[in-house]
Structures are given as C-alpha cells and as structure tokens.
Amino acid sequence: MTDQRLDARRAALKQVSAQIIDLANNEPNSALKCIHQLSVAGGATEATYQAIEQRIRVDQDSAGAYHLALLAQNTPDLPIDVHALIEVIIHQGDNRQRLALLKNLPLPPVAAIKSAILATGDDAAIKEMESYLANNPEGLGSQHIIANSPSDQIIPLS
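Numbering-wise (my numbering), the sequence shown opens with residue 13 and increments by one.
Take a look at the structure:
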C-alpha cells in the first residue's frame with residue numbers, strides 16, 4: 013500500500029471508530045450493532061474495542077460478550093478483558109451460548125460452564141454437554157480438534 017492509501021485507510025478507520033464509540037457510549041444494547049460495524053470496517057482503534065466491552069458489561073449482554081470473546085480468540089492482543097466477557101456469558105447467557113463457549117474456546121472454563129448448565133436443569137443441554145465432555149473431558153475446544161484433524165481445517169474468510 014502506498015503512503016497515501018495507508019493514510020486514507022487510517023483516517024477512515026478513525027472515523028468509523030469514532031462513530032462506533034459514540035454508538036456504544038450512547039445507545040443501550042448496541043454491542044452487536046457495534047461489532048457488526050467493526051467487522052464491516054475491518055478494524056478499529058483500541059478505544060473502540062474498549063467502548064464495546066464497556067457497553068457489554070453495562071448491559072450484561074451475553075450475545076455481545078460471546079461475539080466479542082470469539083473475535084478476541086483470533087486477535088489475542090485486543091485491549092479487552094476476555095475473562096470478564098466469558099463471565100457475562102456464563103452468568104447471563106443461555107445454554108446454547110454456554111455450550112458454544114465450551115466447544116469454541118481453546119481453553120474454556122469447563123467447571124464454571126458445567127455448573128451453570130447443570131443449574132438450569134435443561135435435560136437436552138445437559139445431555140449435549142455430557143456427550144461432548146465424554147469425548148473431550150478437558151474441554152480443549154475446537155482448536156484442539158482442528159489441530160488433531162488436518163482434514164477439518166477452518167479457513168478464514170479474509
């Protein structure tokens with residue numbers, strides 16, 4: 013990329029970041045909308061990620077927390093507290109989200125997820141969790157399965 017194109021890209025990202033931060037700071041339950049705009053823009057400033065995380069925590073938004081936590085799995089240097097997002101999902105989310113965490117995080121907090129699912133008494137979710145953990149007792153997540161199965165590689169979209 014030329015310097016001019018790079019400068020133009022930075023300016024565009026700063027503008028989008030400012031819009032996303034404004035949305036996160038002023039519109040309750042806007043985390044998913046912010047994450048979508050972030051994905052469309054292809055990136056943002058550190059302050060943008062922090063504003064979205066703050067919106068999630070204020071709203072206790074388990075869907076937003078799930079999506080931002082998964083995004084952080086692919087970008088480990090994001091300035092967010094993934095552990096706090098996972099806590100929101102475990103305590104505020106539904107069993108579908110908890111099971112997805114169990115299966116998609118490289119090292120999920122198995123005991124906390126298991127306890128939360130058992131506490132709901134949802135027989136179908138409990139059966140699915142127990143079946144998954146029977147084959148993967150450490151709950152190593154999809155990264156472990158992919159690493160050990162070369163035929164099932166996930167290919168990034170970008």
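Ideal placement from N, C-alpha and C gives every residue a C-beta, glycine not left out.
Values in this document were obtained by computation on a predicted structure and should not be read as measured data.
Inset, instruction - Taking G55 as the reference, give the member of S29, S127, Q66 with the closest Cα. - result: S29
Inset, instruction - Measure the alpha-carbon distance for A136 versus L117 and round it to whole angstroms. - result: 21 Å
Inset, instruction - Return helix, strand or coil for A20, following the three-state DSSP convention. - result: helix
Inset, instruction - Reducing DSSP to helix, strand and coil, say where D15 ends up. - result: helix
Legend entry - CA nearest to the CA of N41, picked from I33, H48, A53, D73: D73
Inset, instruction - Look up Q49 in the DSSP assignment and say whether it is helix, strand or coil. - result: helix
Legend entry - Nearest-angstrom Cα separation, counted from R108 out to I157: Unreliable placement is indicated for I157, whose pLDDT of 47 sits below 50; the coordinate value is still reported in the next sentence. Each residue's Cα considered, the two are about 20 Å apart.
Inset, instruction - Could you tell me how far apart the beta carbons of L97 and A128 are, in whole angstroms, since I believe they sit closer than 8 Å? - result: Not really, about 15 Å apart at Cβ, beyond 8 Å.
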